[in-house]
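**Q** First residue of the sequence shown: 1, per full-length UniProt numbering; consecutive thereafter.
Every residue gets a Cβ at the ideal spot worked out from N, C-alpha and C, and that includes glycine.
Here the structure is a predicted model, which means the values were calculated and not measured.
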Amino acid sequence: MFGMFKKKTAAVKVELKKVENRDLMEAIVGGCLLVAAADGEIEKEETAKLDQLLRSNPRLSHYGNEITALITRFSEQLEAGFRVGRMNILREIEDIKNDPKEAEEVFVNMLTIAEADGEIEPEEQKVLEEVGRRLGLRIEDYL
């Protein structure tokens, strides 16, 4: 009988973690894709790197296939209408701006994607500066 309660308790804990960290996951995925799309194209290498980053994050690893689905959804939004996709992503980023640790985590992940090919392109720099302003972070503090 107690074994059944332990299993149910464990399942509830996983669901609570998902609810607790959903805004963070959405902000990281969206922010990273916004940087990846800054040059006009989201490359498969960039989405693969993003998927790897998210799955290795202990606060987000329990999302599993939801991560891939969110990457697909945001990528499709950006490709269908960049301005609309950008607006939706910036709203997701706004959701975490009042938590300094989450804001920093989103920003550092975005920097990691921007540097994936060895250098930050001017278009990526503009996106990073805009998001940094919204989060109260300066790119210079992380380079």
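Between which two residues does the alpha helix (DSSP H) containing Pro58 stretch?
**A** Within the sequence shown, numbered from 1, the residue matching residue 58 stands at position 58. Following the DSSP letters along the chain, one finds Pro58 in no alpha helix (DSSP H), marked with neither H nor E.
**Q** For a test of the three-state rule: what should DSSP assign to Glu140, helix, strand or coil?
**A** As a position in the sequence shown, residue 140 is number 140, starting the count at 1. Here Glu140 sits in helix by DSSP.
**Q** Do Gly40 and Val131 count as a contact pair if the criterion is CB distance below 8 Å?
**A** To locate residue 131, count along the sequence shown from 1; it is residue 131. To locate residue 40, count along the sequence shown from 1; it is residue 40. No; because the gap between Cβ atoms is not below 8 Å, this pair is not in contact.
**Q** Which of the three DSSP states, helix, strand or coil, is assigned to Lys97?
**A** Your numbering for residue 97 matches position 97 in the sequence shown. Collapsing the DSSP output to three states places Lys97 in coil.
**Q** Should Leu143 go down as buried or exposed, given a rule of 16 or more other Cβ atoms within 10 Å for buried?
**A** Here the question's residue 143 lines up with position 143 in the sequence shown. Looking at its Cβ environment, which holds fewer than 16 other Cβ atoms inside 10 Å, Leu143 is exposed.
**Q** For the candidate residues Val35, Arg22, Arg91, whose alpha-carbon lies nearest to that of Val108?
**A** The count along the sequence shown starts at 1 and reaches residue 108 at position 108. Out of Val35, Arg22, Arg91, Val35 has the C-alpha closest to the C-alpha of Val108.
**Q** Closer than 7 Å to a non-hydrogen atom of the ligand FMN - does that hold for the CB of Cys32?
**A** Annotation note on the ligand FMN: not contained in the displayed structure, which lists no ligands.
**Q** Mind checking Ser75: buried by the 16 CB within 10 Å criterion, or exposed?
**A** Working through the sequence shown from its first residue, we reach residue 75 at position 75. Classification for Ser75: buried.
**Q** CB Ala37 to CB Leu78, shorter than 8 Å?
**A** Against the sequence shown, residue 37 aligns to sequence position 37. Against the sequence shown, residue 78 aligns to sequence position 78. Cβ atoms of Ala37 and Leu78: closer than 8 Å.
**Q** What residue range is occupied by the uninterrupted alpha helix (DSSP H) comprising Glu79?
**A** On the sequence shown, residue 79 is found 79 positions in, with the first residue counted as 1. Unbroken alpha helix (DSSP H) run through Glu79: 65-80.
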